[in-house]
Amino acid sequence: MADKDGDKIEKNYYADVPFKTNGNFHVKGAANLDWGMKKHLTNIFNPKSGNTVMFAFDHGYFMGSVSGLERLDILIPQLIDHVDVLMATRGALRTCVKPNFRKGIALRVSAGSSMVNEDLSREIVSVDIEDAIRMNADCMAVQVFIGARGQLLSINNLSKVINAGSGYSIPTLGVIAVGKNMERTSQYFKLATRIAAELGANIVKTYYCDDFEDIAAACPVPIVVAGGKKLPEKDALEMAYKSIQGGARGLDMGRNIFQSHNPVIMADAIGKIVHNKYTDKEAWEYYSDKIKSNK
Ligand code: 5RP
């Protein structure tokens, strides 16, 4: 049994050593999965770059009509061609997104707390596997609250979705959440991302933080980075660049796209970093030039 006081020896994450057991499949940790799982993961992660730009607009499941998402029916059609994956609730997709697009779907399947409830960590699995199949989900997104009061509940939710998804070859995305009274430390994210992967999540979403390259190296499945609260566009592009440089296989941004001055141009600028090896400075220049010519 592991020492309850934690490891005594110095850790080495070999952050500069590529993942060893991937064979010739482009998604980390998926080499031994079946055809269906691999097809869904390929709908998410571009085989050329190995990366993804997820556009997250599932905030309404606990935040209601967040600024920038007041009219999904107007916003989403503008952005579909500029991202790889839509991360959304089934309600938003069925009501506001026509099914005539050819992009990945990260379906939000957990729900429960709302902003009026101080403990956001108590959720349930709200979407069953049958409806995830009907929605043609390429992965099912479940909030994971390690360290919060709802920790065990969220681990149970994650495990139930992984079990159901495994039966129908639909991957699970573990969304690392940070409870109100918790800190966004690299130690916390290292623990939470690894727990989610060890429990069987096929993709893990977390936030960028110090020592990110160690967190990415220690996680045996791809990490996508959430944008978090709205930043100045230049800072958001720097965070995107540092995430990719640190080993993330994509960004899953919401507010830093839909609350930016120009969501379409911002999504394209992020895509330049994620798929075309742009630096943050090059992406900022791209964004600024496009904004100027757009006036
Ligand atoms: C909301 C989520 C969002 O999908 C995730 O946080 C990405 O959105 P943002 O970039 O706005 O943080 O999980 O619960």
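Quick note: the sequence shown uses this note's numbering, first residue 22, plus one each step.
Cβ coordinates follow ideal geometry from the N, Cα and C atoms, glycine included.
ASN177 is the residue among ASN177, MET156 and LEU114 whose C-alpha sits nearest the C-alpha of ILE167. Relative to the ligand 5RP, the beta carbon of ALA77 is positioned inside 7 Å of a heavy atom. For MET108, the uninterrupted beta strand (DSSP E) segment begins and ends at 106-109.
VAL165 and THR42 have their C-alpha atoms roughly 26 Å apart. In this structure, DSSP gives PHE76 an extended state, which the three-state scheme calls strand. Uninterrupted beta strand (DSSP E) stretches at least 3 residues long and entirely within the segment 178-210 occur at 193-197, given in chain order. Remark: C-beta atoms of ALA239 and ARG215 approach each other more closely than 8 Å.
For ALA217, same chain residues with a beta-carbon under 6 Å away, outside a window of 5 residues either side, are VAL165, GLY195 and VAL225 in chain order. Around the beta carbon of ASN67, 16 or more other beta carbons sit within 10 angstroms, so the residue counts as buried. Where VAL295 is concerned, there is no enclosing beta strand (DSSP E), although the alpha helix (DSSP H) around it starts and stops at 284-297. Remark: three or more beta-carbon pairs, one from each stretch, lie closer than 8 Å, so the segment 109-121 and the segment 70-89 are flagged as touching. Here SER131 is near VAL163, since their CB atoms are less than 8 Å apart. For the ligand 5RP, a non-hydrogen atom lies closer than 7 Å to the CB of VAL196. If you check the CB distance, THR227 and ALA257 do not come in under 8 Å. When only Cα atoms are considered, CYS230 and ARG205 end up about 8 Å apart. Membership of LYS59 in the alpha helix (DSSP H) is indicated by the continuous run 56-65. Around the C-beta of SER88, fewer than 16 other C-beta atoms lie within 10 Å, and the residue is accordingly described as exposed.
Assignment of GLY112 by DSSP, reduced to helix, strand and coil, places it in the helix class. For the options GLY133, ASP301 and ILE150, the alpha carbon positioned closest to that of LYS181 is the one of ILE150. Beyond the five residues adjoining it in sequence on each side, ALA52 comes within less than 7 Å, by CB distance, of THR42, ASN43, GLY44 and PHE46 in the same chain, given in chain order. Burial check for PHE122: the Cβ neighbour count within 10 Å stays below 16, so the residue is exposed. Scanning the segment 201-266 from its first residue to its last, the whole beta strand (DSSP E) runs of 3-plus residues come out as 224-228 and 244-247.
The residue from CYS160, SER134 and PRO284 with its alpha-carbon nearest to that of LYS59 is CYS160. Residue range 160-165 is occupied by the beta strand (DSSP E) that includes MET161. If you compare the alpha carbons of SER142, LEU220 and ILE291 with that of GLY275, the shortest gap goes to ILE291. Closest in alpha carbon position to VAL38, among LYS316, GLY271, GLU234 and GLY249, is GLU234.
At least one heavy atom of the ligand 5RP lies closer than 7 Å to the C-beta of GLY248. DSSP places ASP94 within a helical segment (H, G or I) once states are collapsed to three. Per DSSP, reduced to three states, the secondary structure at ALA153 is helical.
Boundaries of the beta strand (DSSP E) harbouring GLY271: 271-274, taken from the DSSP string. In the structure shown, the three-state DSSP call for GLY125 is strand.
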